[in-house]
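Using the working numbering, the letters of the first sequence correspond one by one to residues 7 to 726. Where is the CB? At the ideal position from N, CA and C, for every residue including glycine. Just so it is clear, the structure is predicted and the values come from calculations on it, not from any experiment. Okay, structure first, notes after.
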Amino acid sequence: MASPLLENLNPEQLAAVTLPHVSALILAGAGSGKTRVLTTRIAWLLATGQASPLSILAVTFTNKAAKEMMSRLSALTPVNTRGMWVGTFHGLCNRMLRAHYRDAQLPQAFQIMDMQDQLAMIKRVYKAHNIDDERFPARQLQSLINASKEEGLRPNQVEAHDEFTRRQVEHFALYEQACQRDGVVDFPELLLRTYELLTQHEGLREHYRRRFSHILVDEFQDTNVLQYKWLKQLTSPQTSVFAVGDDDQSIYAFRGANVANMQHFERDFANAAPVKLIKLEQNYRSHGRILDAANALIKHNQARLGKNLWTADAEGEPVRAFAAPSDIDEAAFIVDVVNGLVADGVSPAEIAVLYRSNAQSRVVEHALFNAGMPYRVYGGMRFFERAEVKHALAYLRLIASPADDGAFLRVINFPPRGIGARSIETLQERAQATGSSLWQTACSQPVAGRAGSSVAAFVGLIESMRNATHGLPLPEAVDHVVHASGLLAHYTGEKDGQERVDNLQELINAADGFLRETEREIGEGGDDPLMSFLSHAALEAGETQAAEGRPALQLMTVHSAKGLEFHTVFVTGLEEGLFPHENSMSEFDGIEEERRLAYVAITRARRRLYLTHAQSRMLHGQLRYNVASRFLEEFPDGLVQWLSARRRDFTMVEDAAPATRVVAREVPGWRIGQSVKHAKFGLGIIIDAEGRGDDARVQVNFREAGVKWLALEYAKLQPA
DNA sequence: AAATGTGGAATTTTT
DNA sequence: TTCCACATTT
């Protein structure tokens, strides 16, 4: 078969793409063409008539991945992909719940809460039931709720072995009641409710099982217990499940990802035929030495399915490492190298600085700013999370779903309209007493006087907005609400309000863009555009910040770099305590997860890889001295080229920025920050010193043995 | 209702 | 140190 679709696939990719109607686990290494295989598989199923678009469901974790899949797929197939279900777990579940809201026991206009909304809801529950948030921190309950749901557990199924947990589970149950009354669902609820819908309604379950004969799952190593159960519900002996993942890139255990799903897959999804296992190990991204480093590092993990990346490409540049005296010097080094690369014609946008934790970006930003180098920091506030945008959305939510107390409280006095805390509390008490929503309570307003009339005016405002926007095209409805609510006027009058005004305008644009993008799909569900837009706003928080005009250096955590690639990558802060993070050391599988994280970082690089660590760094307002990361020791000799600075005398560098350095309490011959070796304790770093001559003692932070004071006269310390 | 002060915590993050 | 949530002040 000379299908152009299959051209240039390597034998393993070809085997995966053209697999018969069985379930399969594709172990796809970093840069092995995972997305290509996934999309080509779908295109091939369509091209050979083995599947119609209606019979395909493809699920991802992020909206970005879903979009990417759709756009690459449309380039591969002439078949109209409408009717295919491609989306995130949450997006697909939302779709099912909208279609079967009655069976799912939800109101038609149920709203989705993001994490902020969820926390606010918990605090409201606390207030209504006089729960002490000192004893029961709201965030802790939030974690318990989400973790429980992600394991598929309702409050009555959560095991509580102690009194504290028992109380928390009670609060969990109260929270669920409140959500149900308000007609709101949190993120994990979307999945859990859909899962229960399928388990409890055989007709529906059979319908979807018959419909989706092909289910494809991206990033399978990131699935949690509930997602796995959900997939099982959709699967019959006739279903082909094509799961793509990489156990070596499993870095989300902390949010419930369960790599064991990969091991269980072979057992649980073997139906008519055994599950096929295919490994994609040829890497199309990186030069040889980068892969050598990645392979060498990940070999130190015990729990692996086992994979080794290789490339037909060149060995390339050596991997380089740099030991900086301080975090400031580390940043200066990065600026130096970047300047050199940019002078050589590498675009700054093709260079990434990766770090373990966000706090590390500050020093690098500072150095880049002073060097006049454009950069972009990932992470932070998303568009739909901004206060002004959430306010506008709350008005829209209240129009669509008046029982939504969260939305009600957000805007009842914003912009300020003279409804004080007192009136709101009275309203809440009465709502609590009658078991009705704040909106209902506000409508049946028997309170006389000024407060009563303000509340009545608010009710009138929302009702007039509902009438005025009824039947309007979505962007015009949003436009109306932004004006009629007084939000625009409020921010226009405020100093520093321009950005917020811009964001409100941008919300109108977003509504317009959303309408255009979904136009083709409307008719299929006959959905209310406002409802869809509100779901969209909750499920897709939007970009962190608009892309810069000129190409900018990319700064991000290793986690957010997953799935991306760059010409040059700096992996920074490779220090014990930071990377691997100290918290991970007490966690189950913690160090191995940190190592996978380092593996992800390394495999982002196409051509050049720099590994850096700093011997001292400012952390939580204190200067800390860290030993180089164990990961740096896990590369075979000769693979990593240490740059001159390791040999260079520290004092040279210290002279460059003397003001930033603590003047060491001098012990002749030794320096704070110096790496040393001890016969018994091994490698360490000098972090303090005192005394002179025979009394001279140094404090050393040993990698293995911890912090110790040593008398120089007796301890046979060697410079390392 | 905004402005200012205080205490505590400070991996990683998407939906 | 720096950020945030929350409390108190003005």
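For Met624, the beta-bridge partners assigned by DSSP are Leu629. With respect to the C-alpha of Lys683, the residue from Pro725, Val646, Gly712 having the closest C-alpha is Pro725. Here the alpha carbons of Lys133 and Ala490 stand approximately 31 Å from one another. Relative to Val606, the option among Ala377, Asp139, Arg362 whose CA is nearest is Arg362. DSSP places Ile425 outside both helix and strand once states are collapsed to three, so it counts as coil.
With the rule of 3 Cβ pairs closer than 8 Å, the segment 386 to 398 does not count as touching the segment 566 to 578.
According to the DSSP assignment, Gly346 belongs to the alpha helix (DSSP H) that extends over 333 to 349. Look at the beta carbons and you see the segment 236 to 250 touching the segment 25 to 34: at least three pairs across the two are nearer than 8 Å. The beta carbon of Ala279 sits closer than 7 Å to those of Val28, all from its chain and outside the five residues before and after it, given in chain order. Taking the Cα positions, Gln308 is about 36 Å away from Pro161. For Pro324, same chain residues with a beta-carbon under 8 Å away, outside a window of 5 residues either side, are Arg295, Leu645, Val646, Gln647 in chain order. For Trp50, the number of other beta carbons within 10 angstroms of its own is at least 16, and it is reported as buried.
With distances taken between CA atoms, Val231 lies nearest to Gln269 out of Pro421, Thr46, Gln269. Out of Trp676, Asp342, Leu60, the CA that lies nearest to the CA of Ala717 is found in Trp676. Our two residues, Leu559 and Ala300, have alpha carbons roughly 23 Å apart in a direct line. When the five nearest sequence neighbours on each side are left out, the beta carbons in the same chain lying within less than 6 Å of the beta carbon of Val164 are those of Ser154, Val175, in order along the chain.
Judged by their CB atoms, Ile284 and Ala57 are not nearer to each other than the 7 Å cut-off.
In the structure shown, Pro725 adopts extended strand secondary structure according to DSSP, grouped into three states.
For Gly93, the pairing in a beta bridge is given by DSSP as Val65. Annotated three-state conformation of Val370 is helix, per DSSP.
The three-state secondary structure of Tyr381, taken from DSSP, is strand. No Cβ-Cβ contact shorter than 7 Å links Gly158 with Lys73. When the beta-carbon positions are compared, Phe339 and Ala330 come within less than 7 Å of each other. Following the DSSP letters along the chain, one finds Lys238 inside the alpha helix (DSSP H) bounded by residues 231 to 239. Cβ contact annotation for Gln366 (same chain, cutoff 6 Å, sequence separation greater than five): Gly579, in chain order. For the pair Ser407 and Gly189, the CB atoms are nearer than the 7 Å cut-off. Asn707 sits in a strand when the DSSP states are folded into three classes. Counting every other CB atom within 10 Å of its CB across the protein chains shown gives Val713 a total below 16, marking it as exposed. Each of Tyr497, Gln504, Pro481 was checked against the Cα of Arg522, and the nearest Cα belongs to Pro481.
For the segment 532 to 588, the full-length alpha helix (DSSP H) segments reaching 4 residues or more read 535 to 545, 564 to 567 along the chain.
In its chain, beyond the 5 residues on either side, Asp228 have a beta carbon closer than 6 Å to the beta carbon of Tyr258. Beta bridge pairing from DSSP links Leu33 with Gly251, Lys285.
If you look at Ser149, you'll find it in the alpha helix (DSSP H) that goes 144 to 156. In the DSSP assignment, Gln174 falls within the alpha helix (DSSP H) that extends over 169 to 188. In the three-state scheme derived from DSSP, where H, G and I count as helix and E and B as strand, Ile304 is classed as helix. For Arg104, the closest C-alpha among the options Asp333, Gln621, Ser541, Lys568 is that of Ser541.
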